[in-house]
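Protein sequence lines correspond, in order, to chains A, B, C and D.
Just so you know, we're using numbering that gives the first Met the number 0 here: the first sequence kicks off at 0 and counts up by one.
Just so you know, we're using numbering that gives the first Met the number 0 here: the second sequence kicks off at 0 and counts up by one.
Just so you know, we're using numbering that gives the first Met the number 0 here: the third sequence kicks off at 0 and counts up by one.
Just so you know, we're using numbering that gives the first Met the number 0 here: the fourth sequence kicks off at 0 and counts up by one.
There are 4 protein chains.
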Amino acid sequence: MTVRLGLLGAGRIGKVHARAISGNGGAKLVAVADAFADAAAAISRDYGAEIRGIDEIEASSDIDAVVICAPTDTHADLIERFAKAGKAIFCEKPIDLDIARVRACLGIVEEAGAVLMVGFNRRFDPHFSAVRAAIDEGRIGNVEMVQITSRDPGPPPASYIKSSGGILRDMTIHDFDMARFLLGEEPNMVFATASVLVDPGIGGLGDHDSVSVVLTTPSGRHCSISNSRRATYGYDQRVEVHGSKGMVAAENQRPVSIEMATAEGYTRPPLHDFFMTRYIEAYAAEMAAFVAAVSSRSAAMPSGRDGLAALALADAAYRSIAEGRAVAVERD
Amino acid sequence: MTVRLGLLGAGRIGKVHARAISGNGGAKLVAVADAFADAAAAISRDYGAEIRGIDEIEASSDIDAVVICAPTDTHADLIERFAKAGKAIFCEKPIDLDIARVRACLGIVEEAGAVLMVGFNRRFDPHFSAVRAAIDEGRIGNVEMVQITSRDPGPPPASYIKSSGGILRDMTIHDFDMARFLLGEEPNMVFATASVLVDPGIGGLGDHDSVSVVLTTPSGRHCSISNSRRATYGYDQRVEVHGSKGMVAAENQRPVSIEMATAEGYTRPPLHDFFMTRYIEAYAAEMAAFVAAVSSRSAAMPSGRDGLAALALADAAYRSIAEGRAVAVERD
Amino acid sequence: MTVRLGLLGAGRIGKVHARAISGNGGAKLVAVADAFADAAAAISRDYGAEIRGIDEIEASSDIDAVVICAPTDTHADLIERFAKAGKAIFCEKPIDLDIARVRACLGIVEEAGAVLMVGFNRRFDPHFSAVRAAIDEGRIGNVEMVQITSRDPGPPPASYIKSSGGILRDMTIHDFDMARFLLGEEPNMVFATASVLVDPGIGGLGDHDSVSVVLTTPSGRHCSISNSRRATYGYDQRVEVHGSKGMVAAENQRPVSIEMATAEGYTRPPLHDFFMTRYIEAYAAEMAAFVAAVSSRSAAMPSGRDGLAALALADAAYRSIAEGRAVAVERD
Amino acid sequence: MTVRLGLLGAGRIGKVHARAISGNGGAKLVAVADAFADAAAAISRDYGAEIRGIDEIEASSDIDAVVICAPTDTHADLIERFAKAGKAIFCEKPIDLDIARVRACLGIVEEAGAVLMVGFNRRFDPHFSAVRAAIDEGRIGNVEMVQITSRDPGPPPASYIKSSGGILRDMTIHDFDMARFLLGEEPNMVFATASVLVDPGIGGLGDHDSVSVVLTTPSGRHCSISNSRRATYGYDQRVEVHGSKGMVAAENQRPVSIEMATAEGYTRPPLHDFFMTRYIEAYAAEMAAFVAAVSSRSAAMPSGRDGLAALALADAAYRSIAEGRAVAVERD
């Protein structure tokens with residue numbers, strides 16, 4: 000069975016998913032919707048999808064599932080609408096920046112029995128998923144301490160910062176999901192500290208650009224997260240997991256791996272400078288997982304509940320910053 | 000202008016090129032020909048190409064260029080035929096195993112003024128081409144000594160060995176081309192030694208599985224090549240270039256780059272185990288270069304003359320083995 | 000001028016310093032004192048030092064300086080006594096486990112105008128000191144975030160744990176000093192969390208074996224510390240410093256650096272398994288720095304105040320653990 | 000039993016051995032001889048050895064063994080003399096530059112039943128010896144192909160070149176010994192090519208600065224050697240051994256192993272820039288092996304016959320260069 004897809008939102012990340020769909024033998028991009036006619040037309044031209052309106056896609060019997068890449072503030076509404084319409088749903092993170100809204104949305108999704116997958120692409124990166132596989136195979140024994148480093152090449156524009164929900168809900172949220180993916184136990188306490196070291200403009204918007212987080216679990220496992228909105232040497236994305244028998248870590252990735260040696264020393268080129276080239280394989284594998292879930296009518300992972308759990312960690316982290324102490328994560 | 004292509008041969012490497020063409024915005028795979036109907040049908044289905052006979056493609060006015068992936072013993076004939084028909088030609092290496100036949104073929108190509116590119120894919124690998132770029136930018140000064148390591152994960156089947164022309168014409172030929180690509184001066188003397196260490200069956204067919212070569216140039220530059228038909232740890236493909244100011248090297252590639260540390264030490268996974276996954280980016284860049292050459296009606300590189308030069312080095316290497324001495328390369 | 004030294008304590012670390020002194024062209028080990036006659040005799044035999052009592056060394060006019068390697072609970076008394084006697088003093092960390100006692104001791108040292116250096120050997124490791132040099136040269140711009148990893152190969156015996164002052168005063172204290180060495184600004188807030196993951200026996204003694212710490216400075220710099228009493232793969236000692244222009248990190252060290260590649264992947268041997276082999280160069284450089292300070296009558300670094308500052312961080316960390324919040328460091 | 004040693008020659012390498020002896024608990028440097036009084040006095044002062052003449056050392060009943068670090072052209076005479084005097088002998092390579100002289104000398108040594116060890120220090124480097132241990136443990140199966148890289152930071156002065164015997168007898172000879180150490184089978188054919196790429200002055204003295212060698216064994220194993228008198232990035236010393244089950248390689252060594260990452264990429268410092276710092280551990284282990292051999296009255300390795308065999312390879316390599324072909328190694 001070929002999974003027939005509708006793409007809602009034809010911007011930057013929409014294109015990434017359109018390409019992933021076109022390279023997936025089990026999926027077909029049937030339709031695309033976007034308020035910007037040019038963006039929709041580009042997807043239509045490059046991938047052969049029809050341009051339809053959102054209402055039309057909702058009513059289309061030739062569409063099994065939608066991929067939501069529209070602005071964040073439309074996510075929850077769209078999820079609810081397409082869940083009720085009986086479509087499977089892939090939604091870019093976050094479902095919403097407000098956790099109460101997320102909970103309400105998930106209630107409707109679950110009532111409708113809809114398949115919902117949230118776009119935490121890093122779980123599908125071959126290197127990070129190999130780390131998880133090594134843990135699952137028992138290669139490092141019981142997980143004890145996790146170290147996550149995530150540094151962007153440079154800060155996003157002010158316009159992006161303004162609607163991002165803050166660095167913890169925008170950037171660290173990927174690391175919260177990664178922590179849950181690797182810790183093997185739900186973190187229940189969060190300590191966070193954040194400052195403005197990179198760009199005073201970010202501080203002027205009430206946001207931070209440098210973050211350190213410590214998560215702990217009931218049994219005493221730790222996870223440290225280190226974030227910055229700047230890394231001159233490229234997109235720094237590492238995890239390191241320590242267990243009772245050893246350690247497993249994912250290395251950074253560079254587009255060109257040569258080494259030069261001169262009187263100044265040994266030099267290798269910078270890392271990837273953009274998340275789309277760094278995670279190109281992850282996006283393909285993520286879409287493949289969604290298509291497989293839809294095709295087999297099985298639960299999709301990471302689920303809406305995974306999206307909720309990561310957001311709960313971000314919210315707790317903001318409370319920790321405000322109160323200067325470790326706070327308990329609020330679960331529902 | 001979109002370059003319209005016909006694919007001659009729908010086997011393993013034919014599929015690689017069909018995929019590369021489909022991912023190239025400036026090219027379109029119009030037709031495919033193969034004596035095996037199933038193979039042609041698979042390409043037709045996956046990439047939307049029409050199935051045509053070779054005669055038909057030769058006569059097709061909607062085809063600008065052909066990609067020859069048919070058996071080696073048909074290459075020279077096909078090149079001549081399509082050169083005369085006014086098509087641009089990409090041909091998998093080698094043009095022919097017999098150097099006289101190659102010379103004759105190139106005479107006809109040049110008479111016809113046809114564009115001919117030979118498939119030395121490694122020149123287009125991003126890591127090897129970055130090594131060349133570093134040399135061209137003068138980062139290591141004058142090139143002095145080149146070290147090329149090329150080890151296959153395992154030996155090919157006997158049927159392949161029989162029609163391969165011997166390891167020097169089949170496997171080392173890529174390294175001969177790489178040597179020419181990196182040395183910056185044409186090698187004029189060749190010493191080679193070869194033995195059977197991996198598989199006595201290969202020796203039984205009169206071939207070798209382990210090769211060491213030293214090339215030298217008129218000004219005294221050296222290139223060492225080390226080949227084996229076996230590398231338990233994956234597809235070992237390295238170059239290292241020493242110059243008056245320093246060294247530049249391309250590192251090996253692995254599909255998953257994690258590191259595990261236990262009481263036994265630090266372990267990283269094996270390398271790629273197949274040339275198609277190792278060189279997937281190289282094949283795409285190679286086809287892009289061919290398409291660009293056809294589109295701009297400029298000379299394609301590596302050319303037929305490059306194919307001839309590599310074969311001349313292989314022939315000289317066989318004479319060196321037979322005579323136990325360094326021999327001069329025969330140029331035309 | 001040759002600096003004439005007396006060694007107080009001929010145990011494990013005493014031997015390390017005796018060897019460092021014997022390899023130092025500007026120093027001479029004149030005398031050794033130890034309650035265990037055999038231990039003193041071994042040092043005497045191997046390095047030609049006379050065996051003297053502590054009183055005798057205090058009164059010796061042929062001794063310029065002492066190296067205190069006696070049990071921790073004697074450190075402060077010995078420092079005060081030899082400071083008053085006009086000797087320069089090198090003392091293994093800590094001065095005392097009780098910060099009030101340390102303050103009182105430093106008062107006497109300062110009153111006496113004595114040279115006092117505290118044994119934070121890691122500052123003298125060539126790799127860590129090169130990290131600091133890179134920072135001082137402005138190679139990474141302004142320091143922003145520091146990451147310190149320190150994992151022991153295995154937990155010490157219960158007897159050691161009992162008198163250690165707890166992991167934060169025994170093990171993390173080195174990392175607190177390293178944080179101060181690298182941050183370029185005094186940390187003023189500390190968050191710490193600790194658990195027992197490695198050995199329940201350690202928990203039974205009221206101590207921890209796994210620690211995560213976050214330090215922050217007034218301007219918003221962060222330092223994360225990750226500690227464990229177990230690392231199956233050897234003595235894991237890393238620092239990573241992020242600044243406005245880039246990053247500098249010290250790599251782990253292994254006694255043998257070969258690489259093996261087989262069908263299972265690429266393997267390198269474990270790290271050093273003992274702090275004495277890992278830091279052998281650091282101990283030599285540390286003693287050289289002390290000898291140079293004594294010889295030139297200049298201040299020794301790290302000073303008694305550095306010892307105090309690290310202990311203040313450890314004390315703050317214990318308060319943080321008790322209170323579950325970030326606490327201010329108490330300075331004098 | 001403490002082995003009592005006399006040092007013949009107090010120059011640069013003599014000092015290295017004096018230090019190694021002083022750090023060896025089982026050995027004592029009793030006497031030193033050198034025509035230059037200052038050099039002998041320095042050793043005497045630093046290591047407590049008496050200054051004696053060569054005749055005196057020969058007659059000394061308190062000396063068990065000598066370490067010959069005198070000029071090359073005195074080696075064979077000194078070996079013969081001290082062999083007849085019943086002393087064990089450690090001699091820096093080479094025994095002599097003339098192979099007939101070496102053979103004669105070894106005849107006398109063997110007649111006298113003297114212990115003779117030749118200074119191929121690299122066998123004792125912990126990394127290279129770990130490579131050999133991995134082979135001996137069967138970790139890579141049967142050895143098939145060996146790759147040896149040896150590049151000096153810069154060319155020696157003309158005065159050194161003149162009396163060196165040529166690069167193959169001076170520099171490559173270490174690699175010939177390493178090849179024998181690792182191949183597990185005696186090479187019987189040699190091909191070599193050499194040129195002047197680094198320094199025309201070296202060519203003016205009739206020597207070369209860039210060498211490529213291929214050795215083969217009767218069963219078809221290969222060893223490639225690549226040498227240069229210049230490596231801007233430091234002292235480049237690598238071996239790589241391929242076997243039927245895998246590969247083992249020794250990595251290069253640097254005095255400081257930090258990594259810096261900036262917009263220009265990732266940089267590590269250059270390698271050691273001097274053979275004495277690079278091989279400091281090797282010299283200590285070499286002396287320990289000699290002392291152990293003398294102490295236990297067992298055969299020392301590498302022996303005089305190992306010195307002869309390496310020289311025979313160098314001689315064959317020169318014939319290969321002269322004749323442009325692979326030549327057979329002349330054994331006695």
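By construction, the Cβ of each residue, glycine as well, lies at the ideal position given by its N, Cα and C atoms.
### Query
How is the beta strand (DSSP E) around D/L4 delimited, first residue to last?
2-7
### Query
What's the gap between the Cα of D/L7 and the Cα of C/R304?
52 Å
### Message
Quick check on D/A32: buried or exposed, where buried means 16 or more other Cβ atoms within 10 Å of its Cβ?
### Response
buried
### Any chain F beta carbon closer than 7 Å to C/H126
Absent from the structure: chain F. Protein chains present are A, B, C and D.
#### Entry: Under 9 Å by beta carbon: chain D residues contacting A/P269
A260, T261, A262, E263, G264, Y265
### Task
Kindly say whether B/Y232, judged by its beta-carbon, lies nearer than 7 Å to any beta-carbon of chain C.
yes
### Query
In this structure, does DSSP put D/A292 in helix, strand or coil?
helix
### Query
Leaving out five residues before and five after A/F81 in sequence, what residues of the same chain have Cβ atoms less than 7 Å from its Cβ?
E57, V65, I88
### Residues near D/Q146 by beta carbon distance below 6 Å, same chain, minus five either side
S223, E239
### Task
Check whether the Cβ of D/S256 lies closer than 7 Å to any Cβ atom in chain C.
yes
### Task
Determine, using beta carbons only, whether C/T73 comes closer than 7 Å to chain A.
no
#### Entry: Three-way DSSP call (helix, strand, coil) for D/D272 in this model
coil
### Message
What residue range does the beta strand (DSSP E) around B/K27 cover?
### Response
26-32
### Task
Thinking C/D97 and C/H74 are a contact (beta carbons under 8 Å), I'd like their distance in whole angstroms, please.
Going by Cβ atoms, the distance from C/D97 to C/H74 rounds to 11 Å, so no, they are not a contact pair.
### Query
How about C/E263 and D/A248: are their beta carbons less than 7 Å apart?
no
### Task
Could you check the C-alpha separation between B/V293 and B/K86 for me, to the nearest Å?
9 Å
#### Entry: Beta-carbon proximity of B/L337 to B/I160, cut-off 7 Å
Because chain B spans 0 through 331 in this model, residue 337 of chain B falls outside it and cannot be assessed.
### Message
Does the CB of D/G137 have a neighbour CB from chain C at under 7 Å?
### Response
no
### Message
According to DSSP, C/V326 sits in a beta bridge with which residue or residues?
### Response
C/V189
### Option in A/M300, A/Q252, A/A315, A/M116 with minimal Cα separation from A/R277
A/Q252
### Query
What is the C-beta distance between B/K244 and B/I139, in whole angstroms, given that I count them as a contact (C-beta under 8 Å)?
5 Å
### Query
Alpha carbon to alpha carbon, what distance is there between A/S158 and A/A84?
33 Å
#### Entry: D/I320 and D/A191 closer than 7 Å at C-beta
yes
### Message
Using only the alpha-carbon positions, how far apart do A/L310 and A/L105 sit?
### Response
13 Å
#### Entry: Among D/P268, D/A288, D/Y317, the one whose alpha carbon lies nearest that of C/V130
D/P268
### Query
Name the residues in the segment 166-195 of chain A whose C-beta lies less than 7 Å from a C-beta of chain C; which are they?
F190, T192, S194, V195
### Message
Which of the three DSSP states is assigned to D/A242 in this structure?
### Response
First, the residue type needs correcting, since residue 242 of chain D is Gly and not Ala in the sequence shown. Residue state, collapsed to three classes: strand.
### Message
I need the boundaries of the alpha helix (DSSP H) containing C/C104, first residue and last residue.
### Response
98-111
### Task
Say whether the segment 15-34 of chain B touches the segment 117-135 of chain A, bearing in mind that this needs 3 or more beta-carbon pairs closer than 8 Å, one atom from each stretch.
no
### Query
Nearest chain A C-beta to B/K27 closer than 7 Å, yes or no?
no
### Query
Mind checking if C/A129 is an interface residue toward chain D, Cβ cutoff 7 Å exclusive?
yes
### Task
At 7 Å on the CB atoms, spell out the chain A contacts of C/S149, in chain order.
The premise fails here: C/S149 is roughly 12 Å from chain A at the closest Cβ pair, so nothing lies under 7 Å.
### Query
In terms of alpha-carbon separation, which member of D/R150, D/H126, D/Y232 lies closest to D/L181?
D/H126
### Task
Examine chain B for any beta-carbon lying closer than 7 Å to the beta-carbon of A/A248, and answer yes or no.
yes
### Query
Helix, strand or coil: how does DSSP classify A/E226 here?
Per the sequence shown, the amino acid found at residue 226 of chain A is Asn instead of Glu. Of the three classes helix, strand and coil, the one that applies to A/N226 here is strand, per DSSP.
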